[in-house]
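Trainee:
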Amino acid sequence: MKRQDKNTRPDPENPKLPLVRKNYLWLLAGFGIILLGFVLMAGGGSDSPEEFDYAMFSWRRITLAPLLVVAGFAVEAYAIMKRF
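The sequence shown runs 6 to 89 under the working numbering.
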C-alpha cells in the first residue's frame, strides 16, 4: 500500500467524506449567525395602521442585522471551502 501525504487527495477506491466535524461546527455557527440576523431584523410594525412608527428604521434593523446575515453567509462559505 502507498502511504499518502497530507496534501494529496485520497484514492478513488478509498473515498472519505469531504467535510469533517470541524466543518460542520463552522456550518452550525454560520447558521446561528444568519438566524440571529433575521431575528434582529424582525418586528418594527405599529399596532395601528393609522400611526407611523419610526422604530422600524432603527440602526439595529437597518445596519446591524443585514451585516450579521452577510457575515453568516461568509462563515458558511468558509466552512464549506476550508480543509481541516
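Beta carbons: idealized from backbone N, C-alpha and C, even for Gly.
Alpha helix (DSSP H) containing Lys27: first to last residue?
Mentor: Lys27 -> alpha helix (DSSP H) spans 26 to 46.
Trainee: Of the choices Met46, Ala79, Val80, whose alpha-carbon is the least far from that of Arg65?
Mentor: The residue with the shortest Cα to Cα distance from Arg65 is Met46.
Trainee: Figure out for me which residue from Tyr29, Tyr59, Gly42 has the closest Cα to the Cα of Gly50.
Mentor: It is Tyr59 whose Cα lies nearest to the Cα of Gly50.
Trainee: Using the Cβ count rule (16 or more neighbours within 10 Å means buried), how would you classify Val80?
Mentor: Result: buried.
Trainee: Might you give, ordered along the chain, the residues of its own chain that have their beta carbon closer than 8 Å to the beta carbon of Phe57, omitting 5 neighbours on each side?
Mentor: Cβ within range, chain order: Ser51.
Trainee: Would DSSP call Arg66 helix, strand or coil?
Mentor: In the structure shown, Arg66 sits in a helix (DSSP, three-state: H, G or I).
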